[in-house]
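Novice: Can you keep this structure in mind? I'll have questions shortly.
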Amino acid sequence: MNYGIVSQEQLEAIEEILSQKLIKLGVDCAIIIDMAGNIITVKDNSKSKYDIYSFAALAAGNFATVDAMAKLVGETEFSLLFHKGQDSNIHFSKIDDELLLITMFGRDISLGFLRLNVVEAIEQIQKVWDRQE
Amino acid sequence: MSFINLKDKVVQVKIVYYGPGRCGKTTNLEYINRKFREQIQSEMVSLKTHGDRTLFFDFLPFHMGQIKGYDIKIQLYTVPGQVKYNATRKLVLKGVDGIVFVADAMEKQREKNIRSLNQLHENLQAYKESIFKIPLVMQYNKVDLKEHGIPVLPISVLQQDLNSRLQVPYFEASAITGYNVAATLKKIISSTVVSIQKKLL
Ligand SMILES: Nc1nc2c(ncn2[C@@H]2O[C@H](COP(=O)(O)OP(=O)(O)OP(=O)(O)O)[C@@H](O)[C@H]2O)c(=O)[nH]1
Ligand SMILES: [Mg+2]
Chain B
1 MNYGIVSQEQ LEAIEEILSQ KLIKLGVDCA IIIDMAGNII TVKDNSKSKY
51 DIYSFAALAA GNFATVDAMA KLVGETEFSL LFHKGQDSNI HFSKIDDELL
101 LITMFGRDIS LGFLRLNVVE AIEQIQKVWD RQE
Chain U
134 MSFINLKDKV VQVKIVYYGP GRCGKTTNLE YINRKFREQI QSEMVSLKTH
184 GDRTLFFDFL PFHMGQIKGY DIKIQLYTVP GQVKYNATRK LVLKGVDGIV
234 FVADAMEKQR EKNIRSLNQL HENLQAYKES IFKIPLVMQY NKVDLKEHGI
284 PVLPISVLQQ DLNSRLQVPY FEASAITGYN VAATLKKIIS STVVSIQKKL
334 L
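From first to last, the protein sequence lines are chains B and U.
Residues 1 to 133 in my numbering are what the first sequence spells out, letter by letter.
Residues 134 to 334 in my numbering are what the second sequence spells out, letter by letter.
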C-alpha cells in the first residue's frame, strides 16, 4: 500500500466518515496518524485546541511502546488502548498496520458506545483506503 | 516515510538525530529551538529522566516554508543514546526520512561512535532501509573542547572511522556554542527534501 501519498478524494471521504460517525456523536476530536507520527487528517468540533503535531508524535510513541510491550509478554497486540481523565478521555484504535485512529471525548459519551462507532468508522475507512490500491 | 497530503498540500518530513549517549543530540535541538523561534510554532517535547538523559525522544516541529506550493513541515527527533535503550531507539526510527549522525569527537568516545553507527545500520535494516541510501549527514560534535585542553579526535580519524564507506556530507560542530548546528540542519533538510521531491513530481 502506498500510504505515503493520499489523494484529495480519499481524504475527503475519510473526513466525511469521521464527521458522520464520530464528531456528530459529540466526540471532541478525531485524528488519524501513521505509526511514524505523521498526521493524516484531523476532525474536531472546533472548540478544542490541541498542539496536534506534538500530540501525534507522542501518540505514535505511546502506541508503539504498548505494542512492543505486548510482544514482550507474548501477546500479538493489546487491541484497546484507553486513557481516562477527569474531563476528557483518549481512545486509540488500530486501522491497519500503518494507521491509528485516535478519538478524544468527554464525560457525556460512554466507552462502549464510542467503541461501537469507532469500529464502524474503521470499517468504512478501510474500504476507502482499499479502493485506492 | 514522509507523509504527503495532496489536499492541503502539506509534506511532513521526519528527521532523526542519532548517536551515542551524551554526544549532544538534545543540545542540537535545544539550540535550534532557541535560535529559530519564528520557524517553530510549538514547544519542544522532551521525554527524559531526572538526570536530563533522553528516555524516549525529543520532538521539535520546524517550519520550512513552501516548495512548489507545498508546505514543508520538518519534524525533528532525537533518539536516546544510552546503550540499554535500543528498543526505543528503533521505535523512533520508524518512518525516518533523513538522519543526522552526531559523533562525539572526544578521544575517549571513539569506540562508542563506531558501535552506535553500526547499530544504526542494523536498526535501519530491520525497517528494510539502508544506511547507504537514506539521506544522512555526519556531525563531529564538541570540537570546542580542544580549547579546554581535552583530547579531541582529528577530523581525518573521525572520517576514517565513520565516513570512509558512507561518504556523506560532514561538519565539525559544537552544539553547545551553536557552531555549525544550523549548517548541519540545512544540509540534512536539503538532502531529505531533494529525495522526497521526486515523489511530488
Ligand atoms: N563542550 C561541549 N559539550 C557539549 C556539546 N554538546 C553537548 N554537550 C554536553 O554534553 C552533555 C550531553 O549532551 P546531550 O545533548 O544531553 O546529549 P544526548 O546526545 O542528547 O544524550 P542522550 O540523551 O543520553 O542520548 C551535556 O552536558 C551537554 O551540555 C558541545 O558541543 N561541546
Ligand atoms: Mg538526549
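Yeah, the Cβ is synthetic: ideal placement off N, Cα and C, and Gly gets one too.
What residues match up with U:Pro-194 in a beta bridge as DSSP calls it?
Specialist: Looking at the DSSP assignment, U:Pro-194 forms a beta bridge with U:Gln-208.
Novice: How many Å lie between B:Ile-95 and B:Glu-120 at the Cα?
Specialist: 11 Å
Novice: May I ask you to report which of helix, strand or coil DSSP gives B:Gly-74?
Specialist: coil
Novice: Just checking: is the beta-carbon of U:Pro-284 within a distance shorter than 8 Å of some beta-carbon in chain B?
Specialist: no
Novice: Name, in chain order, the residues that DSSP records as bridge partners for B:Leu-99.
Specialist: According to DSSP, which records beta bridges pairwise, B:Leu-99 is partnered with B:Asp-34.
Novice: Could one say the Cβ of B:Ser-7 lies closer than 8 Å to chain U's Cβ atoms, at least one of them?
Specialist: Yes - at least one Cβ of chain U is within 8 Å of the one on B:Ser-7.
Novice: Using 8 Å as the limit for Cβ to Cβ distance, is B:Met-1 near chain U?
Specialist: Any answer about B:Met-1 is weak, because its pLDDT of 33 lies below 50 and its placement is not dependable; what the coordinates show is given next. No, no contact with chain U.
Novice: Would you mind reading off the limits of the alpha helix (DSSP H) that contains B:His-91?
Specialist: For B:His-91, no alpha helix (DSSP H) run applies; the uninterrupted beta strand (DSSP E) run containing it begins and ends at 89-94, by DSSP.
Novice: Can you check which of these residues, B:Gly-106, B:Gln-8 and B:Phe-92, is closest to B:Ile-32 by C-alpha distance?
Specialist: B:Phe-92
Novice: Could you list the residues in the stretch 61-87 of chain B with a C-beta less than 8 Å from some C-beta on chain U, going in chain order?
Specialist: Gly-61, Ala-64, Thr-65 and Ala-68
Novice: Any beta carbon from chain B within less than 8 Å of U:Asn-138's own beta carbon?
Specialist: yes
Novice: Could you tell me whether the Cβ of U:Gln-330 comes closer than 8 Å to any Cβ of chain B?
Specialist: no
Novice: Kindly list the residues whose CB is nearer than 6 Å to the CB of B:Asn-2, restricted to its own chain and excluding five residues on each side of it in sequence; keep chain order.
Specialist: Its pLDDT being 42, under 50, B:Asn-2 is placed unreliably by the model, and the measurement read from it follows with that caveat. The answer is none, since no qualifying residue turns up.
Novice: Taking C-beta pairs closer than 8 Å, name the residues in chain B that U:Gly-228 reaches, listed in chain order.
Specialist: Asp-34, Met-35, Ala-36, Gly-37 and Asn-38
Novice: Closest Cβ-Cβ distance between U:Lys-147 and chain B: below 8 Å?
Specialist: yes
Novice: Should the stretch 212-220 of chain U be called in touch with the stretch 183-195 of chain U, which here means at least 3 C-beta pairs below 8 Å?
Specialist: In this structure the stretch 212-220 of chain U touches the stretch 183-195 of chain U; the number of beta carbon pairs closer than 8 Å is three or more.
Novice: Within the present structure, is the beta-carbon of U:Thr-187 separated from the nearest heavy atom of ligand 2 by less than 7 Å?
Specialist: yes
Novice: Which class does U:Val-144 belong to by DSSP, given the choice of helix, strand or coil?
Specialist: strand
Novice: Have a look at the DSSP bridge pairing and note the partners of U:Phe-136.
Specialist: DSSP lists U:Gln-145 as partners of U:Phe-136.
Novice: Short of 7 Å in beta carbon distance, which residues of its chain neighbour B:Gln-20, apart from the five on each side in sequence? Order them along the chain.
Specialist: If we look at B:Gln-20 and ignore the five residues flanking it on each side, it has no Cβ neighbours.
Novice: Where does U:Lys-320 land, buried or exposed, given buried means 16+ other C-beta within 10 angstroms?
Specialist: buried
Novice: Step through the CB atoms of chain B and report whether any lies within less than 8 Å of the CB of U:Ala-220.
Specialist: When Cβ-Cβ separations below 8 Å define contact, U:Ala-220 makes contact with chain B.
Novice: So which residues on chain B does U:Phe-265 lean against when the C-beta distance must stay under 7 Å?
Specialist: Simply none; closest approach about 21 Å.
Novice: For U:Val-178 and chain B, any beta-carbon pair shorter than 8 Å?
Specialist: yes
Novice: Which value, in whole angstroms, describes the spacing of the CA atoms of B:Ile-125 and B:Ile-14?
Specialist: Taking the straight line joining both Cα atoms gives about 6 Å.
Novice: Find the residues of chain U that neighbour B:Leu-116, judging by a C-beta separation of less than 7 Å, and give them in chain order.
Specialist: Correct list: empty, because the minimum Cβ distance to chain U is about 29 Å.
Novice: With respect to the alpha helix (DSSP H) encompassing U:Tyr-254, which residues constitute its N-terminal and C-terminal limits?
Specialist: The sequence shown places His at residue 254 of chain U, not Tyr. Per DSSP, U:His-254 is one residue of the alpha helix (DSSP H) stretching across 243-259.
Novice: Cα-Cα, which of U:Leu-226, U:Ile-205, U:Arg-243 and U:Ile-247 is closest to U:Gln-258?
Specialist: When only C-alpha atoms are compared, the closest one is U:Leu-226.
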